[in-house]
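Residue numbers (the working numbering), protein chains in the order written: chain A, 12 to 670; chain B, 2 to 319; chain C, 218 to 455. Built from N, CA and C at the ideal position, the CB exists for glycine as well.
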Amino acid sequence: MSVEIEPEKAQEPAGSGPVGPRLARPWWMRPAMHTGIIGAIIGYFLGHWLGNFLSWDYARNSLSDMNDFPLVLGYVIAVVGWLAGLGVFNDLGRQIVGKPVPVAEEEEEAFGGVARYFRYSLDHKVVGIQYLVGMIIYFCTAGLFAMAIRTELLSPTYHIMSASTYLMVVSEHGTMMMMLMSSVVLGPFGNFLMPLMIGSKRMAFPRLEALSFWLTPAAFIILLSSVLIGGFPTGWTGYAPLSVQATQGMDSYAVAFGLMGISICLAGFNIIVTVINYRAPGMRWSRLPMFVWSMVTVSFLMVLATPVLVGGLYLLILDRTAQTANYVNTLGGSSYLYENLFWFFGHPEVYILALPGFGIVSEIIPVFCRKPLFGYRVAGAGMIGVALLSFFVWQHHLFVSGINPEMRPLFMLTTELISIPTGFIYLVAMGTFWKAKIRLTVPMCFALALYFNFLIGGISGVFLSDVPADTTEHGSFFVMAHFHYTIMGGIIFAFFGACYYWLPKMIGIKLNQKLGYLHFWTMFIFFNSTFLPLFAVGMLGQPRRVFEYARNLTGLNDWVSISSFLLGASILIFVINFIWSTVIVREREVGNPWNSRGLEWQVSSPPPPGNFEHVPVVLSGPYDYGVKDAPPVADLTPPVGVVSAAYASAGTASTGVEA
Amino acid sequence: MAESQAPAAPGAPEQAGPNHGMRIFLIWIVLALVADLLIWFLWYPHLPPGRMSESAQHQQFDIAVLGLAAAPVMLFVWTYFGYTLVNWRHRDGDDDDGPPLFGHTGIQASWIAGTAVIVLAAFVFGTVELIVPDGAGAGEGPNPVWKPSGSNVLQVQVIGQQWQFTYRYPQFGGMESTQLLLPLNRPVAFHVTSLDVIHSFWAYQLGVKADANPGVDNVAYTTTQQLGGFTVRCSELCGIWHGAMFDSGRVVTPAAFLAWATRTQSVERRQGVLAALPPYALAYDPTVIPQLGEQVVKVAGITGANGYYYPPSDPVQP
Amino acid sequence: MSLPARIATLLVAFAAVVAGAVFIVLHYLGSSLEVVNYSPEASGGVVNVVMQEDPQNSVSSRPDWVSYFVQDPKTKAWVHTTLFQVPANTRVNMTILGYDGCTPLRNNFWSKVQGTIGGGMSVQQFKTVGKPLGPPRRYSVLNSWSSCSVGHTFAIPSLHVFVPMASPNTALFNSSACGVSPCTSGPHSLIKFSFMTPKTTGTFRWQCFVPCGGGFLDGNGGPMQTLGFMMGNMEVSA
């Protein structure tokens with residue numbers, strides 16, 4: 012049989028070779044989270060001292076009784092210490108002095124058990140699980156802040172929190188969600204599943220992948236620590252000059268968000284290189300699962316948009332510490348500069364939050380319709396179109412801010428155009444459902460809910476893109492409802508669907524299906540009852556981030572608040588299900604419970620170290636349901652010599668990528 | 002777009018079943034018509050922001066038309082999915098796969114064309130609704146393009162500061178007030194600026210929203226049409242009391258407005274307030290106080306840091 | 218790990234998370250600022266409230282921040298808070314001692330006294346407590362830009378009360394300003410004005426409009442945005 016291959020482009024790690032038997036050091040002497048924490052503490056004090064040393068004579072410090080320099084440097088050097096303590100720089104050091112460096116595959120079997128989840132592990136499956144647990148923790152923490160917001164909004168006049176506490180809570184919720192949930196799908200599922208889906212045994216850059224994960228707890232803790240120093244008052248957008256004026260808590264925001272930007276950028280970069288270079292023979296671009304397409308397109312957004320954010324936040328830190336005036340109008344800077352830098356990142360950011368959701372549901376529905384994905388090329392074009400157009404729409408956040416008025420019809424056009432590729436995802440779903448054999452399993456329910464929610468969210472986006480309508484809707488709860496429908500109704504529902512679908516694969520344990528259905532129905536009902544009235548609340552004149560509102564809106568706000576408490580309870584059902592199933596019951600799941608044709612399902616659950624015993628040869632696409640005599644997805648044990656012979660002749664064969 | 006079946010896949014004989022496409026289409030068309038009628042006759046007259054000003058009325062119309070277009074789109078998707086969930090659920094014991102339909106060029110092309118047409122129509126409509134009511138109440142920046150014609154435009158400067166709006170009327174000697182009164186049937190130009198951080202002037206029932214940036218004159222236009230009160234809220238997070246930064250204004254008869262404005266002007270002139278205010282300008286640099294000359298930069302508290310943003314050894318201005 | 222070990226670890230982790238959340242909630246919900254209650258002191262529809270504003274405060278972790286203090290009506294001690302409570306539908310006679318020196322207003326419109334009963338305020342300058350420099354004088358406008366005369370303002374925007382606080386005599390302030398807070402001696406101005414509380418109960422914020430947050434951009438950060446310093450709440454109770 013002829014084998015299609017891509018020429019081997021994998022990088023050989025420098026100086027690789029046998030590392031020798033691992034020294035049997037006790038667990039507490041090997042780098043892991045505990046040494047990371049020690050490194051972080053040392054780094055913080057070092058940075059704090061350095062900051063004071065550099066800025067002791069600034070006049071503003073004696074007037075304001077606060078100095079941002081030591082805080083910022085403390086955070087930054089604490090992160091360096093955290094990473095050093097985890098052992099992130101160890102392999103770099105080994106390479107510098109010419110010692111052999113362990114290869115990723117050797118790492119996996121060397122240290123098993125629960126301990127490897129607390130280490131800087133090079134196994135992409137371990138990193139995926141680390142991300143999963145981390146993301147659930149971050150989501151629940153930010154969700155608790157949301158409960159606090161809704162508690163305060165129960166009454167327009169009686170305040171349980173002071174104004175500054177309320178703003179701090181609002182800002183924490185928004186920032187934590189927006190910065191950390193960017194990786195909520197790509198982190199756990201992208202990292203774990205994507206190599207399996209393309210037939211690879213590893214990611215291209217396992218160290219970058221692990222680094223991108225270990226930056227997230229650092230960013231999370233730094234953001235949470237702002238609560239101890241008074242919080243920050245700007246919301247997740249951090250508009251200057253308010254952010255230049257704010258007290259010390261603002262520094263946490265800038266450093267944490269910047270760290271997450273770096274983490275996101277590294278993760279995306281890794282995904283792109285892996286998908287381009289590490290596909291198994293026969294895995295043409297036209298056979299890639301739609302989930303992998305979404306990962307690739309979202310990774311381009313991550314790599315290209317986050318540097319702008321990091322730059323903008325760096326300028327903000329400079330304004331606050333070194334007293335530059337980048338964003339201060341009266342001293343020669345411009346408040347518009349921050350707005351544009353932020354939203355140039357901010358708009359692709361929300362598509363970073365939307366595209367993986369599309370990828371997951373496009374992956375799930377063929378399995379439970381037992382039909383091919385309708386319009387594969389259209390779906391791919393949709394993802395690429397959304398990703399491309401997302402860079403051309405950011406000024407729609409600034410329609411009333413005083414930008415050049417003639418730009419607004421242009422951005423109205425581009426924003427409305429982006430609904431065309433978004434619509435492709437719906438076309439693909441609707442075609443897949445035509446004459447299908449629909450099984451309403453828990454993952455399928457979540458996928459359907461995404462289509463329902465995102466429709467409402469997306470259409471409300473069309474209302475917002477229309478400039479006259481946006482005049483009333485901008486900055487009001489209408490915008491809040493819109494983005495909660497698209498982001499929470501989109502990627503978070505997809506995340507939970509993916510959990511129910513892929514957890515049997517990832518850890519070999521079934522989640523309780525009854526609790527799953529309970530979780531789904533309560534979450535779906537209360538999500539809609541929480542956010543649907545908010546469209547009305549916004550149109551009736553309540554702006555965002557306010558703690559006092561018109562009395563005639565009390566009824567609506569109370570309904571929303573009570574719904575949100577019930578929504579929080581439904582998420583609690585998931586957490587209970589997750590912990591109960593994975594820790595207490597541990598009902599084993601092996602094989603392919605959903606009978607999926609995905610390549611990842613053709614190996615055992617959980618996958619063996621090294622993923623595939625031999626390099627698989629891919630024979631057909633993953634969506635060939637209903638095709639009579641369809642070949643299996645891949646040949647997992649190709650005859651000996653076939654693959655190597657094909658590689659040997661690769662030098663003379665054409666290397667065109669077949670679409 | 003009502004296709005009854007996809008091309009026959011190899012080995013899957015098509016049965017002459019019910020015409021699903023036609024059924025979906027019929028259910029949808031009925032629901033869409035009912036929804037659109039409800040939207041236009043029941044909902045449109047009460048849609049925010051109301052009809053108190055020209056910009057508000059055009060926004061109301063714009064939102065209603067968008068709703069008329071959005072409802073059928075959403076109903077189509079819901080009807081379709083509902084139909085599939087009712088008709089094509091998996092039956093117990095049936096372990097076959099569904100028909101291998103990989104795509105259909107006609108449907109795909111029609112969908113792309115249809116959505117493109119809807120989107121472009123929405124764009125044209127939105128642009129028209131933006132231009133016709135002189136910018137639809139949105140802030141147009143310092144160089145507005147769509148302005149009301151005529152020479153009796155009332156100029157009102159809205160000054161946002163932490164945490165209160167004040168209003169200056171240059172046509173009345175530059176008098177300043179914490180109350181916003183407007184005359185009926187008069188085009189109004191709001192010049193929105195800020196003295197510190199970014200605020201946003203949102204006159205809800207007037208359908209006016211313009212961000213207030215320090216040192217920038219953001220112009221928004223509207224024409225008042227009805228008497229009554231309206232809410233003014235800050236809609237850009239500006240610090241701790243952003244949530245409490247709201248106010249109310251009134252549209253009154255031209256005679257009442259003239260009486261109030263001239264009275265306020267003369268009271269302020271008599272009390273020396275007019276002389277104490279800076280000369281009317283489209284934006285104010287708080288570091289420059291005309292009465293105090295250039296010395297103000299060193300006066301405590303104007304920019305913070307006791308008058309300078311840099312320590313004494315550094316230059317004061319970059 | 219065996220099942221009992223897993224359950225035990227789970228319970229410990231759960232307890233730790235709950236403890237952490239409860240700690241944070243209690244720490245932040247319970248406001249550490251005292252509300253000085255003037256309602257019991259009201260009689261005949263009138264209540265007298267006394268406050269002072271100082272150039273620094275020696276009692277908090279931010280000693281360089283300017284701050285208001287409220288006098289406890291019973292003990293006559295100065296409390297470091299900006300929260301006070303008065304009854305509804307009552308005439309509030311405010312007496313404010315202004316110890317802090319002058320800063321020009323960012324918006325000189327606030328030089329005009331607004332919303333007070335009788336439309337003005339009375340100002341008397343003092344060399345120190347008990348030593349007036351002259352009789353009280355009434356002002357309806359205190360122009361902060363023409364002479365160094367305004368220190369801070371006291372404004373309740375939702376009741377349309379805006380009152381500039383006169384600063385003490387400049388020469389005296391430059392030579393012998395009060396340096397330890399709450400101030401009990403030193404040059405100061407005594408400002409008196411009155412306003413009516415509304416008939417309905419509620420919380421009404423009050424703030425200063427002078428950019429007096431030294432070291433912060435536009436002078437509006439720090440003490441200007443922190444409860445207990447230059448802004449606060451007036452609770453109107455039944």
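Return the CA-CA distance between residue i and residue j, expressed in angstroms with no decimal places.
i	j	result
asparagine 386(C)	arginine 354(C)	14 angstroms
alanine 388(C)	serine 363(C)	17 angstroms
leucine 178(A)	tyrosine 168(B)	27 angstroms
histidine 625(A)	alanine 645(A)	12 angstroms
glycine 315(C)	histidine 244(C)	33 angstroms
proline 377(A)	phenylalanine 506(A)	17 angstroms
valine 129(B)	leucine 69(B)	17 angstroms
serine 471(A)	leucine 133(A)	43 angstroms
valine 298(B)	valine 108(A)	Confidence in valine 298(B) is poor, its pLDDT being 48 and thus under 50, which makes the residue's placement unreliable; the coordinate value appears in the next sentence. Distance between the alpha carbons of valine 298(B) and valine 108(A) is about 57 angstroms.
proline 440(C)	serine 284(C)	7 angstroms
leucine 197(A)	serine 305(A)	9 angstroms
proline 155(B)	alanine 190(B)	Going by the sequence as given, residue 155(B) is leucine instead of proline. Those two C-alpha atoms are separated by around 6 angstroms.
proline 627(A)	tryptophan 38(A)	36 angstroms
tyrosine 264(A)	glycine 413(A)	26 angstroms
Find the nearest neighbour of residue i within the set the options, judged by alpha-carbon distance.
i	options	result
leucine 364(A)	Ile414(A), Val112(A) and Ala398(A)	Ala398(A)
aspartate 640(A)	Pro101(B), Val120(B), Ile28(B) and Thr106(B)	Pro101(B)
serine 574(A)	Phe537(A), Leu342(A) and Arg608(A)	Phe537(A)
threonine 443(C)	Ser173(A), Val181(A), Ala251(A) and Ala267(A)	Ser173(A)
phenylalanine 231(A)	Pro367(A), Ala392(A) and Ile147(A)	Ile147(A)
methionine 190(A)	Tyr387(A), Phe463(A), Gly632(A) and Thr317(A)	Thr317(A)
isoleucine 123(B)	Gly486(A), Glu611(A), Phe474(A) and Val596(A)	The question names isoleucine, yet the displayed sequence has alanine at residue 123(B). When each option's Cα is compared against that of alanine 123(B), the closest is Phe474(A).
glycine 430(C)	Phe203(A), Ser237(A) and Thr258(A)	Thr258(A)
glycine 344(A)	Gly438(C), Leu434(C) and Phe446(C)	Leu434(C)
Using 10 angstroms around the beta-carbon of residue i, count the other beta-carbons present and answer buried if the total reaches 16, otherwise exposed.
i	result
methionine 1(B)	Nothing about residue 1(B) can be reported from this structure: the residues present for chain B run from 2 to 319 only.
leucine 322(C)	buried
arginine 599(A)	exposed
lysine 210(B)	buried
histidine 47(B)	exposed
asparagine 391(C)	exposed
leucine 103(A)	exposed
proline 29(A)	Unreliable placement is indicated for proline 29(A), whose pLDDT of 49 sits below 50; the coordinate value is still reported in the next sentence. When all chains shown are included, proline 29(A) counts as exposed.
glycine 140(B)	buried
arginine 331(A)	buried
Checklist entry - Between the region 164 to 180 of chain A and chain C, which residues of the former have CB atoms less than 9 angstroms from a CB of the latter, in chain order? => result Hits within the stretch, in order: Thr168, Tyr169, His170, Ile171, Met172, Ser173, Ala174, Ser175, Thr176, Met179 and Val180.
Next on the checklist: Runs of 4 residues minimum, wholly inside the region 561 to 606 of chain A: which ones carry the alpha helix (DSSP H) assignment?
Outcome noted: You should have 565 to 590.
Next on the checklist: Ignoring anything shorter than 4 residues, give me the alpha helix (DSSP H) runs that lie fully in the region 368 to 432 of chain C, in order along the chain.
Outcome noted: Here the runs fully enclosed are 387 to 393.
Item to check | Contacting positions in the region 255 to 274 of chain B - beta carbon closer than 8 angstroms to chain C | outcome: Flagged, chain order: Glu269, Gln272, Gly273 and Val274.
Item to check | Short-range partners of chain A found in the region 266 to 282 of chain C, where Cβ spacing is below 7 angstroms | outcome: Flagged, chain order: Arg279, Pro280, Asp281 and Trp282.
Item to check | Where the region 350 to 361 of chain C meets chain B: residues whose CB sits under 7 angstroms from a CB there | outcome: Correct list: Ser357, Val358 and Asn360.
Next on the checklist: By the 7 angstroms beta-carbon criterion, what residues does the region 292 to 303 of chain A contribute toward chain B?
Outcome noted: Cβ proximity to chain B below 7 angstroms picks out nothing from the region 292 to 303 of chain A.
Item to check | Residues of the region 423 to 447 of chain C with Cβ closer than 8 angstroms to any Cβ of chain A, in chain order | outcome: So the list reads Gly430, Gly431, Gly432, Phe433, Leu434, Asp435, Asn437, Gly438, Gly439, Gln442, Thr443 and Leu444, given in the order they occur along the chain.
Next on the checklist: At 3 residues or longer, what runs of the beta strand (DSSP E) sit wholly inside the region 264 to 298 of chain C?
Outcome noted: With a minimum length of 3 residues, the continuous beta strand (DSSP E) runs that stay inside the region 264 to 298 of chain C are 284 to 288.
Checklist entry - Fully enclosed by the region 354 to 415 of chain A, which alpha helix (DSSP H) runs are 4 residues long or longer? => result Runs of the alpha helix (DSSP H) inside the region 354 to 415 of chain A: 387 to 400.
Checklist entry - Residue ranges of each beta strand (DSSP E) run of no fewer than 3 residues wholly in the region 118 to 145 of chain B, ordered along the chain? => result Entirely contained in the region 118 to 145 of chain B, not one beta strand (DSSP E) run reaches 3 residues.
Checklist entry - According to a CB-to-CB cut-off of less than 9 angstroms, which residues of the region 198 to 211 of chain B neighbour chain A? => result Residues are counted here when their Cβ sits less than 9 angstroms from a Cβ of chain A; for the region 198 to 211 of chain B these are Val198, Ile199, Ser201, Trp203, Tyr205, Gln206, Gly208, Val209, Lys210 and Ala211, given in chain order.
Checklist entry - Between the region 301 to 326 of chain C and chain B, which residues of the former have CB atoms less than 7 angstroms from a CB of the latter, in chain order? => result Cβ proximity to chain B below 7 angstroms picks out Thr320, Pro321, Arg323, Asn324, Asn325 and Phe326 from the region 301 to 326 of chain C.
Checklist entry - For the region 396 to 407 of chain C, which residues have a CB atom closer than 8 angstroms to at least one CB atom of chain B, in sequence order? => result Of all residues in the region 396 to 407 of chain C, none places a beta-carbon less than 8 angstroms from a beta-carbon of chain B.
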